[in-house]
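For any residue, its number in the working numbering is found by taking its place in the sequence shown, counting from 1, and adding 22.
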Amino acid sequence: MSAHCDQLSAYIDGQLDDAETEAFAHHLATCESCEAAAHDALQLVALETAARLKRP
Numbered sequence: 023m024s025a026h027c028d029q030l031s032a033y034i035d036g037q038l039d040d041a042e043t044e045a046f047a048h049h050l051a052t053c054e055s056c057e058a059a060a061h062d063a064l065q066l067v068a069l070e071t072a073a074r075l076k077r078p
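As structure tokens, this is what we get:
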């Protein structure tokens, strides 16, 4: 685990600046645990968004 792993939530939420986003994207390509966690988190965000859109 590296210091980048602590940035996962900020990356998912779009809170990183351009340089941090680029560095974290590179990290995702090399860290299986972060890649898996990011995949799961993005799926959850998509499900939450879909649920909000279906509400009357």
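Glycine included, each C-beta is placed from N, C-alpha and C at the ideal position.
| Check | Outcome |
| --- | --- |
| Cβ neighbour criterion (16 or more within 10 Å) applied to residue 61 | exposed |
| From 24, 63, 67, 65, residue whose alpha carbon lies closest to that of residue 46 | 24 |
| Pair within 9 Å by beta-carbon distance, residue 42 and residue 32 | yes |
| Test item: CB-CB of residue 27 and residue 49 under 9 Å | yes |
| Range of the contiguous alpha helix (DSSP H) that encloses residue 40 | 40-52 |
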